[in-house]
Amino acid sequence: MMAGDDDGLLAARDMDLQENKGAKLFQDSVHDVMRFHKLIVKFIDTKEFQRLRNIKQLSTTYLVYPAAAHNRFEHCLGVCYLAGELLSNLEENSKNLWNKIFPVAEEWKKKKLAVQIAGLLHDLGHGPFSHTWEKFVLSATGEKWDHEATSCALIDEIIWDGENKELTEVGKCFQEEFHDVEEYVQFIKDIIRGDKINDIIKDGSASDKIKAFLYQVVANKINDVDVDKFDYFLRDAQHLNIGVPFNYTRLINLCRIEIEDGISYIAFRDCESYSLKGLFRTRADLHIRAYQHRVAKCLETMLVDALCAADREGFEVGGFRLSRVQECPRLFIRMTDSILETIQNSEEEPFKKARAIINRIVTRKLYEVVGEWVLDVVQTENDIQNNKPPSGLEHEKLIELENKLGTKCAVTQVCVNMGKYYNPMKNMRLYAKNGRRDILDENTPSIVMDLPFYKVYVFKKEQENTDNEEIKMTVKEFLIEQRVYREGNE
1 MMAGDDDGLL AARDMDLQEN KGAKLFQDSV HDVMRFHKLI VKFIDTKEFQ RLRNIKQLST
61 TYLVYPAAAH NRFEHCLGVC YLAGELLSNL EENSKNLWNK IFPVAEEWKK KKLAVQIAGL
121 LHDLGHGPFS HTWEKFVLSA TGEKWDHEAT SCALIDEIIW DGENKELTEV GKCFQEEFHD
181 VEEYVQFIKD IIRGDKINDI IKDGSASDKI KAFLYQVVAN KINDVDVDKF DYFLRDAQHL
241 NIGVPFNYTR LINLCRIEIE DGISYIAFRD CESYSLKGLF RTRADLHIRA YQHRVAKCLE
301 TMLVDALCAA DREGFEVGGF RLSRVQECPR LFIRMTDSIL ETIQNSEEEP FKKARAIINR
361 IVTRKLYEVV GEWVLDVVQT ENDIQNNKPP SGLEHEKLIE LENKLGTKCA VTQVCVNMGK
421 YYNPMKNMRL YAKNGRRDIL DENTPSIVMD LPFYKVYVFK KEQENTDNEE IKMTVKEFLI
481 EQRVYREGNE
């Protein structure tokens, strides 16, 4: 070995040591050992992120599956780790394109770290009991609340001091890595939301288009295959003891960049198409067997009722109504699943009804399941992509049905689908060993032919021995009126 080669190796080793200075290792039940950059560790060690240790990933499903006790904290660590792994493999498997995509190596280093940070912080804004909080806010206020918007607001709280807008300690470390703080904070927010890729494809600059793959890592709006789903499918299935028919390590190791019309996309080896289909089968299976389990939905309904009962009687956090506390990020970071115990342990008379519902949850005196109805619905793919419910099943219509049934009943809608598409495989990019590329289209065979399907559960709140036939008849008449009734539900 020549002296010059030796010097180069030493320089590279010194650079690696410098890069890893301040990095930490985390042991994980899903991914084994995960190494994180020192700036990522700074974000982890904030009160905003540590709060996620106390928010159950699966909300009330934990009350049905006792082993599903994992929290948003470890899921976010997993997404951050997988984002780094996916990006490293994309670079390794697309070396022929890398100088074209990132002519300045320093930019790639920054973008890669920023995408990992986005993976870490993507669920920062979740409320107590994860998605159940969104249902509570909708029920209490009639307004849809977006946890991703709150994630972005909390990122600002971490980076800047809210009072004087000066950089915090984490913000200063962020500035050392990225220099332009506002540019990279906005980039991280765009990665979390994922929607910016649509603007880039439509009228982005050539430089933005060739880097479009970065927006497909954490929240992929092209085909729903991203590291967020890799982690939560694996993590949830592990704690639920449900098998998964996809191999995420092969998907990550056999991915590369493909460029079409100047736009970069993440593509997978054609031999992994079965594993990709398995990813979406896993999603449907988890929804059917766990997320939409009727007892879990019953418990979720009771939890929302308890929170609404407390909210109606003026339960406050720092001067904000319970249903409005997410509007103040500095107060919202106090909000964890412990809010249930706070209400339960209150002694004020106005919160008596909320305490009674919580006590029924604790003592397993649950709402009675009056019935469940599988619905006959037709939904366009455009409606699915825009998360628009079928005609007759809008939130307002379900409220109308509840009003017909009176205060003694609750109505919950369940949807099981393939994500945002009838057939998500049609937007998948695959490549062959010989270099041939395929874009799967609408003629690609679907994964599951009986999805999406919709179902309505009706629960009776009162603990009384009454005939349920009148309730069932009212539900049937309403569903027939909305043209979603399916024969055979009796």
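Take the sequence shown: its letter number 360 is residue 360 in full-length UniProt numbering, and every next letter is one higher. Yeah, the Cβ is synthetic: ideal placement off N, Cα and C, and Gly gets one too.
Nearest residue (CA-CA) to residue i, options the options
i	options	result
I257	W98, R193 and S59	W98
I288	V416, E481 and G278	V416
F178	E106, A212 and N198	E106
K461	V369, F453, G84 and K476	V369
G119	N93, F49, L167 and I101	F49
L90	K352, C173, R250 and E327	R250
N93	A237, P350, I40 and G435	G435
T141	R324, Q216 and V317	R324
A69	Q238, I44 and E143	Q238
Q463	A212, S59 and I357	I357
D285	V295, F315, Y265 and L240	L240
P128	K56, K95 and E163	K56
L401	S59, L276 and M473	M473
D224	Y265, D208 and D236	Y265
W373	R321, M428 and Y454	Y454
D310	P350, Y291, G318 and G371	Reading off the sequence, residue 310 comes out as Ala, not Asp. Among P350, Y291, G318 and G371, the Cα nearest to that of A310 is on P350.
P245	Q344, F280, R321 and V41	F280
G78	V30, E169 and E313	V30
S391	E348, E481, I155 and V458	E481
G84	K112, R72 and D32	K112
N403	V475, E316 and E487	V475
S169	R72, I242, T46 and D180	The sequence given here places Glu at residue 169; Ser does not occur at that position. Comparing Cα-Cα distances from E169 to each of R72, I242, T46 and D180, the minimum goes to T46.
F73	L86, S338, V317 and H126	H126
E143	D467, I471 and H395	H395
E348	L331, N382, I471 and F315	F315
K42	A23, K95, S59 and N54	A23
R35	L82, K211 and I339	L82
I210	P103, G406 and L254	P103
S59	S338, I399, W145 and V317	S338
A114	H37, L154 and G318	H37
N253	G171, M428, L86 and R429	L86
L398	R429, L479, G171 and G371	L479
D236	K109, N71, D146 and W145	N71
I263	K365, A212 and V217	A212
Cβ neighbours of residue i in the same chain (closer than 8 angstroms, five flanking residues each side left out)
i	result
Y431	R256, E258, A267, F268, R269, D270, R437 and D438
V304	T132, K135, F136 and S139
K219	Correcting the residue type first, residue 219 is Ala in the shown sequence and not Lys. The residues are H122, I191, I192, R193, G194, D226 and D228.
E477	none
Y215	D190, I191, G194, K196, I197, I200 and K221
F320	E327, C328 and L331
Sequence-distant residues of its chain with Cβ nearer than 6 angstroms to residue i (five each side left out)
i	result
C80	Q116, G119 and L120
residue 519	This structure cannot speak to residue 519, because the chain is shown only from 1 to 490.
Neighbourhood of residue i by C-beta distance below 7 angstroms, restricted to the same chain and skipping five residues each side
i	result
H293	T61 and V64
R51	I333 and T336
I40	C80, Q116, I117 and L120
V33	L25 and Q27
R486	V374, L375 and D376
Q175	L167 and V181
residue 498	Because residue 498 is not part of the residues shown, which for the chain are 1 to 490, the question remains open.
Separation of residue j from residue i, as counted between CA atoms
i	j	result
R355	A296	19 angstroms
K100	S273	28 angstroms
Y248	T282	12 angstroms
C173	I44	13 angstroms
K426	S275	15 angstroms
K433	K196	31 angstroms
N198	L307	37 angstroms
I458	I343	The displayed chain sequence assigns Val, not Ile, to residue 458. Going by the C-alpha atoms only, they are around 26 angstroms apart.
C76	A67	19 angstroms
L167	D156	10 angstroms
A3	K21	In this prediction, A3 scores a pLDDT of 48, lower than 50, which makes its location untrustworthy; no coordinate-derived value is stated.
Y367	K353	15 angstroms
V456	D467	19 angstroms
T363	G243	31 angstroms
V484	G406	21 angstroms
G371	E341	31 angstroms
Residue i beta carbon near the ligand FMN (any heavy atom closer than 7 angstroms)
i	result
W145	Absence of the ligand FMN from the depicted structure is noted, as is the absence of any ligand whatsoever, leaving it without description.
Would you be able to state if there are at least three C-beta pairs under 8 angstroms between the segment 230-247 and the segment 195-204? Taking 8 angstroms as the limit for Cβ pairs, the verdict is that the segment 230-247 does not touch the segment 195-204.
In chain order, each beta strand (DSSP E) run of at least 3 residues that lies wholly inside the segment 199-277: Within the segment 199-277, the complete beta strand (DSSP E) runs of at least 3 residues are 255-260 and 263-269.
What ranges does the alpha helix (DSSP H) occupy inside the segment 278-356, keeping only unbroken runs of at least 4 residues that lie completely in it? If we require 4 residues or more, the alpha helix (DSSP H) runs fully inside the segment 278-356 come out as 294-312, 329-332 and 339-344.
contact_flag[the segment 404-416, the segment 297-311] where n(CB pairs < 8 angstroms) is 3 or more: Short answer: they touch.
Decide if the segment 144-162 is in contact with the segment 312-329; the criterion is three or more beta carbon pairs, one per stretch, under 8 angstroms apart. Counting Cβ pairs under 8 angstroms, three or more are found: they touch.
Counting Cβ pairs closer than 8 angstroms, one from the segment 155-165 and one from the segment 178-188, do we hit at least three? They touch, by the three-pair rule.
Every unbroken alpha helix (DSSP H) inside the segment 68-104 [4 residues or more]: Under the rule that a run must span 4 or more residues, the alpha helix (DSSP H) segments found entirely inside the segment 68-104 read 72-93 and 95-101.
Counting only runs that start and end within the segment 17-70, where is the alpha helix (DSSP H) found for 4 or more residues in a row? For secondary structure counted as the alpha helix (DSSP H) over 4 or more consecutive residues, the segment 17-70 holds these complete runs in sequence order: 38-44 and 47-50.
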